[in-house]
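Data first, discussion second: the structure below is written as structure tokens.
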Amino acid sequence: MEIQLVRGKAVNELDDFEELGEIAHSLDIYMAIHAPYYMDFLGNGYMRNKSSKFLQFAGEIGSQIGARTIVTHIGPYHGCSSRDAIEALVPMFRELRNYYLQHNYRPSIGVELAGRPDLFGTLREITELCQRVRGLVPIINWAHLHARGSRWLNDRESFKKVFDFFDTNLRLAKFYCHFSGVEFDVDGNERHYAPVKKGEIKFEHLAEVILENNYDVIMISDSPLMEHDAMYMKLITERVESRRQERIARREASERIRQVRKAAVEA
């Protein structure tokens, strides 16, 4: 479960979060917090400080509710090159990571891929930032990645390449993902999220790759039909797994028959 603090919450609205964390723990639910969308780590000094302060606050709340990940966007480039942006972000996030460690905050900080070209967050940018700041984790937003990558997530192989890229560069034990459909404007840029059934990206391809490779994945629904599509993705995953098990059973039966025939010939 990802708690969406996307517009910012007053502290007095968070009084029940600790109880929520206890309930989630009893039900074995993975908890996370999503920072507001106004996070702006490359903006002016005021916005950088405000963004950092919120992540400090989110770390405290996350620890109280047993959250394991604090998810954040980086924000616009504000004229920075990709290289200059990374060099500016590395010390900021090292300081935030150290703040979490000093205060014994349990969650990891996760930085999310971005879909628009004016926002920091390409696949390679997020990966390099995580490589250089130990403890930082990537948040794979498949809709953003599809939009930023010229709409290329159209088969199983394309999804597998993303997992392979992270495996090669970060050796992740767990993948934290967001999924939804995505719609585009007339210029081909990401416009907004869409229901899974209406999007170009086929969740079935992703489910096949996850199951066949036994990846440990947290999947968050970003769809406008959030709960509905969460259940829809669960249903697709179950169907894919059922078909996969049927194929395995057929192969095993075929192999047993082959072995019996071979033994009969040898006898």
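Counted the way numbering that gives the first Met the number 0 counts, the sequence shown spans residues 0 to 266. In this text, a Cβ means the ideal position worked out from N, Cα and C, and glycines have one as well.
Go ahead and pull the three-state DSSP assignment for methionine 38. coil
Can the beta-carbon of tyrosine 175 be found closer than 8 Å to that of isoleucine 139? yes
Please list the segments of the beta strand (DSSP E) lying wholly inside the region 59-144, counting only runs of 3 or more residues, in order along the chain. Taken in chain order, the whole beta strand (DSSP E) runs of length 3 or more contained in the region 59-144 are 68-71, 107-111 and 136-140.
Counting along the chain, where does the beta strand (DSSP E) carrying valine 216 start and finish? DSSP places valine 216 inside the beta strand (DSSP E), whose first and last residues are 216-220.
Are the beta-carbon atoms belonging to tyrosine 29 and serine 62 less than 8 Å from one another? no
Applying the criterion that 16 or more other CB atoms from any shown protein chain within 10 Å of the CB defines a buried residue, is histidine 145 buried or exposed? buried
Three-state secondary structure (DSSP) of tyrosine 29: In the structure shown, the three-state DSSP call for tyrosine 29 is coil.
With respect to 7 Å, is the separation between the Cβ of methionine 46 and the closest non-hydrogen atom of the ligand HEM below this value? Questions concerning the ligand HEM fall outside what the structure shown contains, since it holds no ligand whatsoever.
Taking the alpha-carbon positions, what's the isoleucine 108 to isoleucine 256 distance? 52 Å
Using a Cβ-Cβ cutoff of less than 7 Å, which residues in the same chain neighbour arginine 292 once the five nearest sequence positions on both sides are dropped? Outside the modelled stretch of the chain, which goes from 0 to 266, sits residue 292, for which no answer is possible.
Relative to the C-alpha of aspartate 273, which residue among Arg170, Glu199 and Gly187 is closest? With the chain covering only 0 through 266, there is no way to say anything about residue 273.
For valine 239, report the span of its beta strand (DSSP E) as first-last. No beta strand (DSSP E) contains valine 239, which is instead part of the alpha helix (DSSP H) from 225-265.
Can you list, in chain order, the residues of its chain with a C-beta nearer than 7 Å to that of phenylalanine 16? Leave out the 5 residues immediately preceding and following it. Ile60, Gln63 and Ile64
Using a Cβ-Cβ cut-off of 7 Å (strictly less than) and excluding sequence neighbours within five positions of methionine 46, which residues of its own chain qualify? Asp39
Quick one: Cα of proline 223 to Cα of leucine 234, how far? 18 Å
For the alpha helix (DSSP H) that contains glutamate 207, what are its first and last residues? 202-212
Entirely within the region 152-186 and at least 4 residues each: give me those alpha helix (DSSP H) ranges in chain order. 155-169
In chain order, what residues of the same chain have a beta carbon less than 6 Å from the beta carbon of phenylalanine 165, not counting five sequence neighbours either side? Leu171
Output yes or no for whether 8 Å exceeds the beta carbon distance between glycine 58 and histidine 24. no
Outcome for isoleucine 209 when other beta-carbon atoms lying within 10 angstroms are tallied against a minimum of 16: buried
Identify whether alanine 146 lies in helix, strand or coil by the three-state DSSP scheme. helix
Taking buried to mean at least 16 other C-beta atoms within 10 Å of its own C-beta, is tryptophan 151 buried or exposed? It counts as exposed.
From histidine 177 to arginine 242, what distance separates their C-alpha atoms? Spanning the alpha carbons of histidine 177 and arginine 242 requires a straight line of approximately 24 Å.
Taking only the alpha-carbon atoms, compute the straight-line gap between arginine 131 and glutamate 245 and give it to the nearest angstrom. Their Cα atoms are separated by approximately 44 Å.
Tell me the rounded alpha-carbon separation between serine 78 and serine 157. The sequence given here has glycine at residue 78, not serine. The alpha-carbon atoms of glycine 78 and serine 157 are separated by roughly 31 Å.
For serine 179 and serine 149, believed in contact at Cβ under 8 Å, the rounded distance: With a Cβ gap of about 18 Å, serine 149 and serine 179 do not count as contacting.
Work out the CA separation of glutamate 111 and leucine 4 for me, nearest whole Å. 15 Å
Starting from the Cα of glycine 20, find the closest Cα among Asp163, Pro106, Ala229 and Tyr231 and give me that residue. Pro106
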